[in-house]
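In my numbering, the protein residues as written are 119 to 468. Ideal placement from N, C-alpha and C gives every residue a C-beta, glycine not left out. Each remark here refers to the structure printed beneath this line.
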Amino acid sequence: MKKIIHVDMDAFYAAIEQHDNDLRGKAVIVGGIKGRGVVSTCSYEARKYGVHSAMPTFIARKKCPDAIFMPVRMSRYKEVSKKVFRILRSITTSIEPLSIDEAYLDVSNSEDDPINIVKTIKREVLRETGLTLSAGISYNKFLAKVASDWNKPNGIKIIKEEDMPNILFPLSIKKVYGLGKKSVEMFNKFGVFTIEDLYGLSKEYLIEVLGKHGEDIYNRIRGKDTRIVSRTTSSKSIGRETTLIEDTTNKDIFKKIIKDYSLQLEQSLIKDKSHAKTVTIKYKTSDFNSHTKSKTMPYYLQNKDEIYQIACDIIDNIYFMKPVRLIGLTVSHIEDSSVRQITIFDLMNN
Ligand code: TTP
Ligand code: MG
């Protein structure tokens, strides 16, 4: 049986602002200061008022008028993230970063009890950054992630095989990794809200409504998840996005922004010694609905012009029915480029 740990920093950006500005215990909201922005995250004190990530600022202000609003200081958050990841890497090399503040660790080969490992991580992170995190321990990735979310902030939770499946039953199906927003809405319409409700559906039925992926979901909620912890997974992505000064459907404006982002992504990929297969355009329309359109190539990309060209193709194929308020570019399916991969040249020579 594997030993997997999932760690996730608590209210990451907001906790850093609280720490750096002596705002501990205060309702702090990060982001959304300029124009009509949205909240990046907020401290647990602000969450009590119902504020959450991605909430439009004007609503957050109404819900928590006394909150202290802080601008996003990305370079500072990256600096803290680096410190956290340095500590995690000192524990094991089998580590998969999921985002700026989140990672899986596979500690199956360690003699140490995973609880002690988690305690060490928490102590070191607190000592070096002054911040807390929550950790989940289990025998696969899905359950470790469910566990880290169990008693945030500053929590530790273990999910053992004998806890299954009952421990999952009361949870919302939103917690099932791999079920997107649209699938959740569809199930809710059918009266399926909890994992217990989902448990009642047959494998065949899930495959029928979700496609091939339905079998993974069927297995996952039964505690079966064979995904390995790896430095390179399709879940890794890098992206940039911006809220526009004015809502528009003008594709030339989008392309100008995307050109700049293509260069930035090329620089990140080079720095990370990696390359990517999938290009995604994300946009939010004036009614706050989010949309994504992706293209996966049969070869790896790193060059800015290639990324830009594919992004433009995607934009050209979108019919923007409503004005756009936010536009973003992401690359994913990232692999280590030091390992030789098939490139466009290999394809052309065959
Ligand atoms: P999360 O780990 O999802 O959130 P969090 O760390 O603020 O809070 P917690 O884990 O305790 O629930 O995201 C990490 C950071 O990513 C978050 O601090 C800010 C940023 N972020 C955004 O900018 N926009 C978003 O919509 C989300 C979800 C996160
Ligand atoms: Mg977090």
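Where residue i sits in the DSSP three-state scheme
{"i": "Cys430", "result": "helix"}
{"i": "Glu246", "result": "helix"}
{"i": "Asp464", "result": "Reliability of the predicted coordinates at Asp464 is poor, the pLDDT of 42 falling under 50, and the value obtained from them is presented with this limitation in mind. Helix at Asp464."}
{"i": "Ala262", "result": "helix"}
{"i": "Ser348", "result": "coil"}
{"i": "Arg120", "result": "The question names Arg, but residue 120 in the sequence shown is Lys. Three-state result, Lys120: coil."}
{"i": "Met282", "result": "coil"}
{"i": "Arg191", "result": "coil"}
{"i": "Val449", "result": "strand"}
{"i": "Tyr417", "result": "strand"}
{"i": "Ile134", "result": "helix"}
{"i": "Tyr401", "result": "strand"}
{"i": "Val236", "result": "helix"}
{"i": "Glu384", "result": "helix"}
{"i": "Ile436", "result": "coil"}
{"i": "Lys354", "result": "coil"}
{"i": "Ile375", "result": "helix"}
{"i": "Asp126", "result": "strand"}
{"i": "Asp390", "result": "coil"}
Any non-hydrogen atom of the ligand TTP within 7 Å of residue i CB
{"i": "Pro271", "result": "yes"}
{"i": "Thr210", "result": "no"}
{"i": "Thr159", "result": "yes"}
{"i": "Gly149", "result": "yes"}
{"i": "Ser171", "result": "yes"}
{"i": "Ala185", "result": "no"}
{"i": "Ser199", "result": "no"}
{"i": "Ser290", "result": "no"}
{"i": "Ala132", "result": "yes"}
{"i": "Ser408", "result": "no"}
{"i": "Ser217", "result": "yes"}
For residue i, the nearest candidate out of the options (CA to CA)
{"i": "Val310", "options": "Met192, Glu214 and Pro288", "result": "Pro288"}
{"i": "Val397", "options": "Ser408, Asn407, Tyr379 and Thr403", "result": "Tyr379"}
{"i": "Ala133", "options": "Gly296, Asn421, Arg194 and Thr367", "result": "Arg194"}
{"i": "Lys152", "options": "Lys144, Cys182 and Val190", "result": "Val190"}
{"i": "Arg241", "options": "Glu229, Asn269 and Ile209", "result": "Ile209"}
{"i": "Ile291", "options": "Ile274, Lys300, Ile313 and Gly298", "result": "Ile313"}
{"i": "Thr414", "options": "Asp431, Lys180 and Ser256", "result": "Asp431"}
{"i": "Ile425", "options": "Glu214, Ser320 and Ile376", "result": "Ile376"}
{"i": "Leu419", "options": "Asn306, Gln385 and Lys369", "result": "Gln385"}
{"i": "Pro283", "options": "Gly329, Ile339 and Val302", "result": "Ile339"}
{"i": "Ile218", "options": "Lys201, Gln382 and Asn234", "result": "Lys201"}
Checklist entry - Taking a cut-off of 7 Å, which residues have a beta-carbon closer than that to any heavy atom of the ligand MG, in chain order? => result Checking every Cβ against the heavy atoms of the ligand MG under 7 Å gives Asp126, Met127, Asp128, Ala129, Phe130, Asp219 and Glu220.
Checklist entry - Where in the segment 158 to 202 do unbroken runs of the alpha helix (DSSP H), each at least 4 residues long, occur, reported from the N-terminal end onward? => result 162 to 165 and 175 to 181
Item to check | Within the segment 263 to 341, ranges of the alpha helix (DSSP H) (whole runs, at least 4 residues) | outcome: 299 to 307, 313 to 317, 321 to 328 and 331 to 338
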